[in-house]
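Undergrad: There's a structure below that I have some questions on.
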Amino acid sequence: KQEVTQIPAALSVPEGENLVLNCSFTDSAIYNLQWFRQDPGKGLTSLLLIQSSQREQTSGRLNASLDKSSGRSTLYIAASQPGDSATYLCAVTINQGGKLIFGQGTELSVKP
Amino acid sequence: DGGITQSPKYLFRKEGQNVTLSCEQNLNHDAMYWYRQDPGQGLRLIYYSQIVNDFQKGDIAEGYSVSREKKESFPLTVTSAQKNPTAFYLCASSVWGSVNTEAFFGQGTRLTVV
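Written out as structure tokens, the structure reads:
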């Protein structure tokens, strides 16, 4: 059974720091991996999607990497800002459908 | 604007009552999903539908029911059989069968038992 784990559960950094969020999954047979952002009481906003054949994706200050063989993905946030404060969730798709298996999320706080 | 609309934003249910959460999308996506989120936990799949008039149980379907009569709509009913319904419910949609199967989410419905 596929399981997704995110470490750390919470992270607090000063503004301007570069930071890395980690996601690991137990079964390397994934279709793709998505990173999401969730603000308190809100829905999920898709940040990046990495297909299983890709190694990384970039969007602005965000860079996500994928290493299927080791079952790991990282989300790199450059020059963090207070507006980046949110919970970040990673999720894998295990078949051609869009069913997602989620990690528990990392709650990020960026202090001014 | 294209997207997913969930309503209501807040919902209160009395003991023994059935309630229905609405989810509508105008993205022309084939697949729709319902997830439940509890504090400190990731999202768990309740039901999903790949096509109109067809749907499958997810990991925690007990006490819930769905219908898919139109491509755009996938309402979720929380029945009295669901013993612990207080949670945040999220609806999502995606294209089915693509490596670029990016999921899009609504803004959620917070259900509270009173």
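Chains as they are written, first to last, in our numbering: chain V, 1 to 112; chain B, 1001 to 1114. For each residue, glycine too, the CB sits at the ideal point set by N, CA and C.
What residues from the stretch 57-76 of chain V come within 9 angstroms of chain B, judged by C-beta to C-beta, listed N to C?
TA: Listed in sequence order: no entries.
Undergrad: I need the DSSP call for aspartate 84 of chain V, collapsed to helix, strand or coil.
TA: Helix at aspartate 84 of chain V.
Undergrad: For threonine 93 of chain V, collect the residues of the same chain with a Cβ closer than 7 angstroms to its Cβ; drop the 5 residues on either side in sequence, then sort them by chain order.
TA: Within the same chain, threonine 93 of chain V has close Cβ partners Ile30, Tyr31, Asn32, Lys99, Leu100.
Undergrad: List, in chain order, every chain V residue whose beta-carbon is nearer than 9 angstroms to that of serine 1022 of chain B.
TA: Residues of chain V passing the Cβ test: none, with the nearest at roughly 14 angstroms.
Undergrad: Among residues of its own chain, excluding the 5 on either side of glutamine 1037 of chain B, which ones have a beta-carbon nearer than 7 angstroms to its beta-carbon?
TA: These residues qualify, in order along the chain: Leu1043, Ala1087, Phe1088, Leu1090.
Undergrad: Is lysine 1057 of chain B helix, strand or coil when you go by DSSP?
TA: Correct three-state label for lysine 1057 of chain B: strand.
Undergrad: Mind checking which residues open and close the beta strand (DSSP E) that includes glutamine 6 of chain V?
TA: Per DSSP, glutamine 6 of chain V belongs to the beta strand (DSSP E) from 4-7.
Undergrad: To which residues of the same chain is tryptophan 1096 of chain B closer than 7 angstroms at the C-beta, ignoring the five residues directly before and after it?
TA: Same-chain partners within the cutoff: Asp1030, Ala1031, Gln1050.
Undergrad: Along the beta strand (DSSP E) that carries lysine 1083 of chain B, what are the first and last residues, could you check?
TA: Premise fails: lysine 1083 of chain B is in no beta strand (DSSP E) and is neither H nor E.
Undergrad: Quick one, are the C-beta atoms of leucine 47 of chain V and leucine 62 of chain V less than 8 angstroms apart?
TA: Result yes, Cβ atoms of leucine 47 of chain V and leucine 62 of chain V sit closer than 8 angstroms.
Undergrad: Could you check whether serine 69 of chain V and serine 28 of chain V sit closer than 8 angstroms to each other, using their CB atoms as the reference points?
TA: Yes, these two residues count as a Cβ contact at 8 angstroms.
Undergrad: Does the separation of the CB atoms of valine 20 of chain V and threonine 106 of chain V fall below 8 angstroms?
TA: It is not a contact, given that the beta carbons lie outside the stated cut-off.
Undergrad: Counting only beta-carbon separations shorter than 8 angstroms, does glutamate 1069 of chain B have a partner in chain V?
TA: Chain V contact via Cβ: absent.
Undergrad: Cα-Cα, which of B/Phe1074, B/Gly1016, B/Cys1023 is closest to asparagine 1053 of chain B?
TA: Of the listed residues, the one whose Cα sits closest to asparagine 1053 of chain B is B/Phe1074.
Undergrad: Measuring alpha carbon to alpha carbon, tell me which of V/Gly71, V/Gln34, V/Ser24, V/Cys23 ends up nearest glutamine 57 of chain V.
TA: It is V/Gln34 whose Cα lies nearest to the Cα of glutamine 57 of chain V.
Undergrad: When the Cβ atoms of the stretch 1015-1035 of chain B are set against those of the stretch 1065-1082 of chain B, are three or more pairs found closer than 8 angstroms?
TA: Taking 8 angstroms as the limit for Cβ pairs, the verdict is that the stretch 1065-1082 of chain B does touch the stretch 1015-1035 of chain B.
Undergrad: What does threonine 93 of chain V reach in chain B if we use C-beta pairs closer than 7 angstroms?
TA: Neighbours of threonine 93 of chain V on chain B, chain order: Thr1101.
Undergrad: Per DSSP, which one or two residues make a beta bridge with glutamine 1025 of chain B?
TA: In the DSSP output, where bridge partners are listed per residue, glutamine 1025 of chain B has B/Ile1004.
Undergrad: If you draw a straight line from the C-alpha of glutamine 2 of chain V to the C-alpha of phenylalanine 102 of chain V, how long is it?
TA: Going by the C-alpha atoms only, they are around 10 angstroms apart.
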